[in-house]
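If you read the sequence shown in my numbering, its first letter stands for residue 41, the second for the next number, and so on. Worksheet for the structure shown next.
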Amino acid sequence: MMDFTEDNSIIEDNNEPHYFNNSNASLHQMEVFDTNSSTIVQEMDIHAVSNSTQESIQENTSIINLCDSDDEDTNIDQLAYNPVVNLNSIKLVKRPKNVKKILPKHRKKTEKTINFLEGQRVNDYVSSRSKLNGYTLHMRDLITLLTPKSWLNDVIILNYLSLLVNNCEETLIITTDTWVDFGRRKESTVMKWTKSNNLYNFKRIVIPINPNKNHWALFVVDIWEGIVHSFDSFNKTHMREYYIVTEFLSLAYNYSVKKPGEERTMPIWKYQIENSPQQKNTYDCGVFTCTNARYFLLGKKLEFTQPDCQLLRKRIAYELVHSELIQDQATNL
41 MMDFTEDNSI
51 IEDNNEPHYF
61 NNSNASLHQM
71 EVFDTNSSTI
81 VQEMDIHAVS
91 NSTQESIQEN
101 TSIINLCDSD
111 DEDTNIDQLA
121 YNPVVNLNSI
131 KLVKRPKNVK
141 KILPKHRKKT
151 EKTINFLEGQ
161 RVNDYVSSRS
171 KLNGYTLHMR
181 DLITLLTPKS
191 WLNDVIILNY
201 LSLLVNNCEE
211 TLIITTDTWV
221 DFGRRKESTV
231 MKWTKSNNLY
241 NFKRIVIPIN
251 PNKNHWALFV
261 VDIWEGIVHS
271 FDSFNKTHMR
281 EYYIVTEFLS
291 LAYNYSVKKP
301 GEERTMPIWK
311 YQIENSPQQK
321 NTYDCGVFTC
331 TNARYFLLGK
341 KLEFTQPDCQ
351 LLRKRIAYEL
361 VHSELIQDQA
371 TNL
């Protein structure tokens, strides 16, 4: 069975890592754009909500739309349990040199989106224009994403990969829940999955993996070519996960319904390790996973590096909020 992260992240402060559960908004060093300059501003100190109050607000959380600056959804009874995102202690940091490449012509829109975090509540849902095939995205997830040195959780990973899949033809994603179920009930899980995901309707499958719950990596399967592409920012091999994936797909092939005249057959599987850019820290693996998926699925070279991660986090946040991918006319990244 594949292992995936719990809904928490890790933040390193003063070289000592500590856990940040997304239900607790005790964050530091959130970086956003300064709308009046070409710099990035760094904002800190977001109030916390305790675990004991978390369950009591799950069913009564309001939904807001980050694209709508006039949103006035409020519920006074929830205010004590759903604290406001409070941004202060602004600190200017140097503007990254790749801002035009990674966020082309979208700086002002990105500023507006990120700055809209102020005054919103950490447990509110993020409403987008299109429904993504992932877990429910909350404000606290965006806060995690925009916080340097924080791990991306499965909510962010799945929602972003689903957005990418929605922009590709004949491509689907296998979620973390499916792998958990497959580890417990193999054939019944595959039978249920193929009822809504007939392999003959697709060419590619995107699979986020998190072995031992401590590192995100990525598989992209070209189904009918029989190739499992592996992307890992620590250059690790994942043979155990590879065998699990191919076992799942072989069973899925048996339960998928052929179209009239269909002649394709399940190929012999091949494992291909791709040249992923390498991370230089212990917390940006989710950013590398999302960006590797973005560039590979769009047919682009994996041309990004560790220093780009602060901008990549902002691009991911912008694209999640607006349910659209930023396009550059020059490079079409």
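Note that beta-carbon positions come from the ideal geometry of N, C-alpha and C, so glycine has one too. Just so we're clear, the structure is a prediction, and the values are computed from it rather than from any experiment.
Asked	Found
Between the C-alpha atoms of Val195 and Phe242, what's the straight-line distance to the nearest angstrom?	24 Å
Span of the beta strand (DSSP E) holding Arg244?	244-249
What are the complete alpha helix (DSSP H) segments, minimum 4 residues, inside the segment 218-305?	226-236, 279-295
Using only alpha-carbon positions, find the residue among Glu151, Thr211, Glu210, Trp233 that is nearest to Val220.	Trp233
Could you check which residue in Lys299, Lys253, Val246 has the C-alpha nearest to that of Phe259?	Val246
On a Cα-Cα basis, can you pick out the residue from Leu177, Phe344, Ala292, Asn238 that is closest to Val327?	Phe344
DSSP three-state call for Gln318: helix, strand or coil?	coil
Does DSSP put Val396 in a helix, a strand or coil?	Coverage of the chain is limited to positions 41 through 373, which leaves residue 396 absent and any answer about it impossible.
Mark Tyr358 as exposed unless 16 or more other C-beta atoms lie within 10 angstroms of its C-beta, in which case mark it buried.	buried
Which of the three DSSP states is assigned to Gln312 in this structure?	strand
Return the first residue and the last residue of the beta strand (DSSP E) that Ile213 is part of.	211-213
Across which residues does DSSP place His362 in a beta bridge pair?	DSSP, once it has assigned bridges, lists no residue as partnering His362.
For Leu201 versus Ile356, is the C-beta spacing smaller than 8 Å?	no
For Met306, is the beta carbon positioned less than 7 Å from some heavy atom of the ligand SAH?	In the structure on display, the ligand SAH does not appear, and there are no ligands present to speak of.
Hey, would you say Phe271 sits closer than 8 Å to Asn332, going by beta carbons?	yes
Note down the Cα distance separating Met231 from His269, rounded to an integer number of angstroms.	25 Å
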